[in-house]
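Have a look at the structure below, then the notes.
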Amino acid sequence: MQLSNGDVYPHNHDEVDFELLGNRHGHEWRVQTNVYGNGSTTRGREQRYLLPFDPTLRHHAYAISWTPTVIVFYIDKKPIREVVRVASMGGDFPSKPMSVYATIWDGSSWATDGGRYKVDYAHAPFVAEFSNFHWQGNPVLMGGRRSSKGAGSDVAVMTAEFAVMTPAKRAAMRRFRRWNILYTVCHDLYRYNGTVFPECDDADGTEREDFHKWGESKRVSPSRRGYTTQQQEGRADGNDAAGGRPSTGPLDLYAQTKLTIDQ
Numbered sequence: 001m002q003l004s005n006g007d008v009y010p011h012n013h014d015e016v017d018f019e020l021l022g023n024r025h026g027h028e029w030r031v032q033t034n035v036y037g038n039g040s041t042t043r044g045r046e047q048r049y050l051l052p053f054d055p056t057l058r059h060h061a062y063a064i065s066w067t068p069t070v071i072v073f074y075i076d077k078k079p080i081r082e083v084v085r086v087a088s089m090g091g092d093f094p095s096k097p098m099s100v101y102a103t104i105w106d107g108s109s110w111a112t113d114g115g116r117y118k119v120d121y122a123h124a125p126f127v128a129e130f131s132n133f134h135w136q137g138n139p140v141l142m143g144g145r146r147s148s149k150g151a152g153s154d155v156a157v158m159t160a161e162f163a164v165m166t167p168a169k170r171a172a173m174r175r176f177r178r179w180n181i182l183y184t185v186c187h188d189l190y191r192y193n194g195t196v197f198p199e200c201d202d203a204d205g206t207e208r209e210d211f212h213k214w215g216e217s218k219r220v221s222p223s224r225r226g227y228t229t230q231q232q233e234g235r236a237d238g239n240d241a242a243g244g245r246p247s248t249g250p251l252d253l254y255a256q257t258k259l260t261i262d263q
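In UniProt numbering, the protein residues as written are 1 to 263.
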């Protein structure tokens, strides 16, 4: 599930997305979030997490809150990632009107254990089911012009509960990330030769310390992260949100999704 405007801006598109990555039977599922702005595909801002559930068993709620100042990703009504717009990001923060897409595509070259395991088309067709799809935002007119009716919606979305990160919500997000995050561009020292992304927040340094112990790198083989049964059961669940249709400025995107494989 993604927000994108690649069809309108093929050379400088924006993108905000959830990506359910490939999985091997009996292994934990992973989800990846990504943010691109103004065609900044050479500076991918991926973050990857273990899911504390099997997404093929029942529907779960995946949501994106996108406003001019912040992007928040939710799973089952809990925030898992916050991208705060800072001036030094420049055009890397998505700012142009985007549409909502849901796709299934072959990421065999990288998605499952770095491309080690490919899609097995013997299990096709592959199905993604969506339900309870909600959106709230500003519609866009032909030619990318913004509707004159959007001002009231701006205020409603930017002040809504899902767009505001309270201390309690941020604490819940940090708990989820501590138990579930596998990769973050914020602490990958190898991929961009130590480049610091200005929006990254790790005030007390604990996430960086944990990541250096067990995190995955785009260029370095990951260390194996082990869990006891109690630790696996204790990891935080996911998130909430609402959403989608061509929009600019504030947008709340919400969809419940279930993946199935027809044998």
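Where is the CB? At the ideal position from N, CA and C, for every residue including glycine.
Because the structure is a prediction, the values reported are computed rather than measured.
Under DSSP, no beta-bridge partner is assigned to Lys213. For Ser65 against Ala163, the beta-carbon gap comes to about 5 Å, under 8 Å, which counts as contact. Distance from the Cα of Pro55 is smallest, within the candidate group Leu21, Glu46 and Ala111, for Leu21. DSSP places Asn34 in the uninterrupted beta strand (DSSP E) bounded by Arg30 to Tyr36. Restricting attention to Asn34, Arg24 and Pro97, the CA atom closest to the CA of Tyr9 is found in Pro97.
Leaving aside the five residues that flank Arg85 on each side, the residues in its chain whose CB is nearer than 6 Å to its CB run, in chain order, Thr69 and Phe93.
Here Asp113 carries a helix assignment [DSSP, helix/strand/coil]. Here Arg30 is near Leu182, since their CB atoms are less than 8 Å apart. DSSP links Tyr183 through a beta bridge to Arg48. Listed as beta-bridge partners of Ile71 by DSSP are Trp66 and Val83. With a cutoff of 8 Å on beta-carbon distance, Val155 and Gly137 are scored as not near each other. Counting only the Cα atoms, Trp110 lies some 21 Å from Asn193.
With at least 16 other beta carbons inside 10 angstroms of its own, Leu3 counts as buried.
Arg191 and His60 have their C-alpha atoms spaced approximately 32 Å apart. Here the alpha carbons of His187 and Tyr121 stand approximately 35 Å from one another. In this structure, Gln32 sits away from Thr184, with a CB-CB distance that is not shorter than 8 Å.
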